[in-house]
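S.K.: Going down the list, the sequences are from chains A and B.
Okay, so the first sequence: first residue is 1 according to my numbering, each after it adds one.
Okay, so the second sequence: first residue is 1 according to my numbering, each after it adds one.
Quick reminder that beta carbons are idealized off the backbone N, C-alpha and C, glycines included.
2 protein chains.
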Amino acid sequence: MKGYIAPIERLIDAFRRLPGVGAKTAVRYAFSVLKFSEEEAASFADAVLGAARDVRTCSVCCGFSDGDVCDICSDLDRDHGIICVVEEAKDVTVMEKVRGYRGVYHVLGGSLSPLDNMTPDKLHIKELEERIKAGGIKEIILATNPTPNGDTTAAYLARILEPYGVKISRLAYGIPVGGDIEYADEVTLMRALEGRRDL
Amino acid sequence: MKGYIAPIERLIDAFRRLPGVGAKTAVRYAFSVLKFSEEEAASFADAVLGAARDVRTCSVCCGFSDGDVCDICSDLDRDHGIICVVEEAKDVTVMEKVRGYRGVYHVLGGSLSPLDNMTPDKLHIKELEERIKAGGIKEIILATNPTPNGDTTAAYLARILEPYGVKISRLAYGIPVGGDIEYADEVTLMRALEGRRDL
Chain A
1 MKGYIAPIER LIDAFRRLPG VGAKTAVRYA FSVLKFSEEE AASFADAVLG
51 AARDVRTCSV CCGFSDGDVC DICSDLDRDH GIICVVEEAK DVTVMEKVRG
101 YRGVYHVLGG SLSPLDNMTP DKLHIKELEE RIKAGGIKEI ILATNPTPNG
151 DTTAAYLARI LEPYGVKISR LAYGIPVGGD IEYADEVTLM RALEGRRDL
Chain B
1 MKGYIAPIER LIDAFRRLPG VGAKTAVRYA FSVLKFSEEE AASFADAVLG
51 AARDVRTCSV CCGFSDGDVC DICSDLDRDH GIICVVEEAK DVTVMEKVRG
101 YRGVYHVLGG SLSPLDNMTP DKLHIKELEE RIKAGGIKEI ILATNPTPNG
151 DTTAAYLARI LEPYGVKISR LAYGIPVGGD IEYADEVTLM RALEGRRDL
């Protein structure tokens, strides 16, 4: 970017670091910040700093936490015998919207992707094994994404967790509820057919 | 938003203050910031604070400046007899990309819009009149946006600046260069016809 004074230039560059933000959007965000009052700017800056400072990793599930152990892992009302394994910490919040789930989570921190140098040692798989070894686990639900990398990760986990003798399941594939068969892709339809259930 | 720990919640709320950012985009930005290192987060926060602290209004043209008078207004190589009137400070940068323009600017700080309570006294019109009264102005180019509000503002300015006897012009309307007549809207085409030039 050229033509802006230095502090605006820096602000535009800062916004360009956000995902999917190009030059025009960054300029738009920067100019909206310039309309902030000093207090608003301070609160915005503090939110960014606060997140970097206060958001920690739960020592049990590797998800986001503001303490040593997250609220879910320290909730004794939940079923600690069922662990739902997700790729990213934000996936926990998505799963939590399913009110019916009362088990706990384990965050891998990504998915296997040899091309991106994401090998098993980069994921929190050891931590998951430790939890299983500690005992009391009845079921592991693999909720990695329905992508090639997510599937690879689920297959890998299913293989290395097999010796522990716990039940391992995978989220069902199929047509999204409220979706239209006309717009479903072939692979999803095929999976929906394979997973058909008797009525 | 529900389900996130407090510092993440605050970050999401901060991003939602940006224009056009809804819940999903704010979450996406927030999670990308959570992947920043502490230094990256500090530099991002500092860019926001720095912009609020260091970006000032030029005492001559009312545009952005890091000092009392902006670089354009203090540039003696420019023609201070031609003033291009724009709505917003950011429009100056857009006009500056037109390398051919060597005059100076005046930023109104918006456009007239009675419904939004944007009346003439809210715009930097007094400041523009002062500059004209100070003398030496040959031409005022009205470069407000080609919108109803921008047109109203231009018409208003043309009327109140008329007594000063300086030449007043308006940016030409027409088909954008590189555009296709097929996709031009009717109003633009009509204006392009009205403004046609002999070859």
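#1: Under 8 Å between the Cβ atoms of residue 7 of chain B and residue 187 of chain A?
#2: Taking 8 Å as the threshold (C-beta atoms), are residue 45 of chain A and residue 45 of chain B in contact?
#3: Please report whether the beta-carbon of residue 87 of chain A lies at a distance below 8 Å from any beta-carbon of chain B.
#4: I think residue 83 of chain A touches residue 107 of chain A, with their Cβ atoms under 8 Å apart; what is that distance to the nearest whole Å?
#5: Using 8 Å for Cβ pairs, my map puts residue 33 of chain B next to residue 48 of chain A. What's the rounded Cβ distance?
#6: Taking buried to mean at least 16 other C-beta atoms within 10 Å of its own C-beta, is residue 196 of chain A buried or exposed?
#7: Taking residue 60 of chain A as the query, report the chain B residues whose CB atoms sit under 9 Å from its CB, ordered along the chain.
#8: Have a look at residue 201 of chain A and residue 102 of chain A and give me their C-alpha separation to the nearest angstrom.
#9: Any beta carbon from chain A within less than 8 Å of residue 68 of chain B's own beta carbon?
#10: In the structure shown, what three-state DSSP assignment does residue 60 of chain B receive?
#11: Quick check: the Cα distance between residue 135 of chain A and residue 119 of chain A, rounded to an integer number of angstroms?
#12: Quick one: is residue 115 of chain B buried, meaning 16 or more other Cβ sit within 10 Å of its Cβ, or exposed?
#13: I'd like to check one pair, residue 138 of chain B with residue 166 of chain B: are the Cβ atoms closer than 8 Å?
#14: Give every residue of the same chain whose Cβ lies closer than 8 Å to the Cβ of residue 77 of chain A, excluding the five residues on either side of it in the sequence, and list them in chain order.
#15: Taking residue 180 of chain B as the reference, which of B:131, B:173, B:189 has the closest Cα?
#16: On the premise that residue 168 of chain A lies in contact with residue 142 of chain A, defined as a C-beta separation below 8 Å, what is that separation, rounded to the nearest angstrom?
#17: Please work out which residues of its chain come closer than 6 Å, Cβ to Cβ, to residue 211 of chain B, disregarding the five sequence neighbours upstream and downstream, and give them in chain order.
#18: Listing by chain order, which chain A residues have their CB less than 7 Å from the CB of residue 38 of chain B?
#19: Indicate whether residue 66 of chain A and residue 59 of chain A have their beta-carbon atoms separated by less than 8 Å.
#20: Just tell me which of A:28, A:42, A:81, A:75 has its CA closest to the CA of residue 133 of chain A.
#21: Alpha carbon to alpha carbon, what distance is there between residue 73 of chain A and residue 1 of chain B?
#22: Output the distance between the C-alpha atoms of residue 129 of chain B and residue 95 of chain B, rounded to the nearest integer angstrom.
#23: What residue from B:162, B:109, B:98, B:182 has the CA that sits closest to residue 149 of chain B's CA?
#24: Could you compute how far the alpha carbon of residue 121 of chain B sits from the alpha carbon of residue 4 of chain A?
#25: Using CA atoms only, rank isn't needed, just tell me which of A:20, A:31, A:19 is closest to residue 10 of chain A.
#26: Spatial neighbours of residue 41 of chain A within its chain, please: CB distance less than 8 Å, with the 5 preceding and 5 following residues excluded, ordered by chain position.
M.R.: Judging by the given coordinates:
#1: As a first step, residue 7 of chain B is located in the second sequence; it is residue number 7 there, counting from the start. As a first step, residue 187 of chain A is located in the first sequence; it is residue number 187 there, counting from the start. No, they are not a contact pair.
#2: Along the second sequence, one-based indexing puts residue 45 of chain B at 45. Along the first sequence, one-based indexing puts residue 45 of chain A at 45. Yes, the Cβ-Cβ distance between residue 45 of chain B and residue 45 of chain A is below 8 Å.
#3: The residue given as residue 87 of chain A occupies position 87 in the first sequence. Not closer than 8 Å to any Cβ of chain B, the Cβ of residue 87 of chain A fails to qualify, so no.
#4: Residue numbering aside, residue 83 of chain A sits at position 83 when the first sequence is read from its first letter. Residue numbering aside, residue 107 of chain A sits at position 107 when the first sequence is read from its first letter. So it is not a contact: roughly 11 Å between Cβ atoms.
#5: Position 33 of the second sequence holds residue 33 of chain B. Position 48 of the first sequence holds residue 48 of chain A. About 6 Å separates the two Cβ atoms, so the contact holds.
#6: The residue given as residue 196 of chain A occupies position 196 in the first sequence. Of the residues assessed, residue 196 of chain A falls on the exposed side of the cut-off, its CB having fewer than 16 other CB atoms within 10 angstroms.
#7: As a working note, residue 60 of chain A is residue 60 in the first sequence. Neighbours of residue 60 of chain A across chain B, judged by C-beta separation under 9 Å, do not exist; the nearest C-beta is about 15 Å away.
#8: Here chain A covers residues 1 to 199 and nothing more, so residue 201 of chain A does not appear.
#9: Numbered from its first residue, the second sequence carries residue 68 of chain B at position 68. Answer no: the Cβ-Cβ gap between residue 68 of chain B and chain A never drops below 8 Å.
#10: Start at 1 with the first residue of the second sequence, and residue 60 of chain B comes out as number 60. In the structure shown, residue 60 of chain B sits in coil (DSSP, three-state: anything other than H, G, I, E or B).
#11: Within the first sequence, the letter at position 135 stands for residue 135 of chain A. Within the first sequence, the letter at position 119 stands for residue 119 of chain A. Rounded to the nearest whole angstrom, the C-alpha separation of residue 135 of chain A and residue 119 of chain A is 26 Å.
#12: Taking the first residue of the second sequence as 1, we reach residue 115 of chain B at position 115. Exposed: under 16 other Cβ atoms inside 10 Å.
#13: Translated into positions along the second sequence, residue 166 of chain B becomes position 166. Translated into positions along the second sequence, residue 138 of chain B becomes position 138. Residue 138 of chain B is positioned such that its CB atom lies closer than 8 Å to that of residue 166 of chain B.
#14: Within the first sequence, numbered from 1, the residue matching residue 77 of chain A stands at position 77. Counting only Cβ-Cβ distances below 8 Å, and skipping sequence neighbours, we find 102.
#15: The count along the second sequence starts at 1 and reaches residue 180 of chain B at position 180. Ranking B:131, B:173, B:189 by Cα distance to residue 180 of chain B puts B:189 first.
#16: Here residue 142 of chain A corresponds to residue number 142 of the first sequence, with the count starting at 1. Here residue 168 of chain A corresponds to residue number 168 of the first sequence, with the count starting at 1. Their Cβ separation, rounded to whole angstroms, is 7 Å, which keeps residue 142 of chain A and residue 168 of chain A in contact under 8 Å.
#17: In this structure chain B extends from 1 to 199, so residue 211 of chain B is not present and cannot be described.
#18: Residue 38 of chain B sits at position 38 when you count from the first residue of the second sequence. Neighbours of residue 38 of chain B on chain A, chain order: 52.
#19: Along the first sequence, read from residue 1 onward, the residue named residue 66 of chain A stands at position 66. Along the first sequence, read from residue 1 onward, the residue named residue 59 of chain A stands at position 59. Cβ distance not < 8 Å, so residue 66 of chain A and residue 59 of chain A don't count as in contact.
#20: On the first sequence, position 133 is the one that residue 133 of chain A refers to. Nearest to residue 133 of chain A by C-alpha distance, out of A:28, A:42, A:81, A:75, is A:81.
#21: Locating residue 1 of chain B in the second sequence gives position 1, counting from the first residue. Locating residue 73 of chain A in the first sequence gives position 73, counting from the first residue. Unreliable placement is indicated for residue 1 of chain B, whose pLDDT of 36 sits below 50; no coordinate value is reported for it.
#22: In the second sequence, counting from the first residue as 1, residue 129 of chain B sits at position 129. In the second sequence, counting from the first residue as 1, residue 95 of chain B sits at position 95. Using only the alpha carbons, I get a separation of about 22 Å.
#23: Within the second sequence, numbered from 1, the residue matching residue 149 of chain B stands at position 149. Selected option, being the one with the closest Cα: B:109.
#24: As a working note, residue 121 of chain B is residue 121 in the second sequence. As a working note, residue 4 of chain A is residue 4 in the first sequence. About 28 Å.
#25: Within the first sequence, the letter at position 10 stands for residue 10 of chain A. Shortest Cα-Cα distance from residue 10 of chain A to any of A:20, A:31, A:19 involves A:31.
#26: Locating residue 41 of chain A in the first sequence gives position 41, counting from the first residue. Only 33 meet the Cβ criterion.
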